[in-house]
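In this note's numbering, the protein residues as written are 235 to 384.
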């Protein structure tokens, strides 16, 4: 894809702030026709810059009062062990995000649970049974100061 211009970047910024912004509103904001705006959006989607449109949910209102950031150190890094680890993480509804990282930990997970008992059960039922895990370190979120996809 060619380089993004000011309008492309502005449209992406508006969509990050409000994924439900209408094509008409986007077109108006950048002095474009609705057709031209729609074509730009389609081009950005086809280039993979827009991966989807998502609702941001209030986890607490959904009964998920605990958020933890979990550092996992692995003993093995073979393809088979890593593939099984990734499959199990992907299958877990408690895991919101998982990144393979540099530094002390091999993986950093963002995990939600209903309460501390639920989180404890998750650690015992899921994390401690993952293949190749040497250590698990949890950091509980006291409050979230910022959350964005930018």
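Glycine included, each C-beta is placed from N, C-alpha and C at the ideal position.
Under DSSP, residue 331 forms a beta bridge with 344. Counted as a single uninterrupted DSSP element, the beta strand (DSSP E) harbouring residue 306 occupies residues 300-308. Nearest to residue 371 by C-alpha distance, out of 248, 303 and 335, is 303. When secondary structure is reduced to three states using DSSP, residue 364 falls in the coil class, being assigned neither helix nor strand. Residue nearest to residue 277 within the set 243, 305 and 300 is 243 (criterion: CA-CA distance).
Boundaries of the alpha helix (DSSP H) harbouring residue 353: 350-359, taken from the DSSP string.
In the three-state reduction of the DSSP assignment, residue 370 falls in the strand class.
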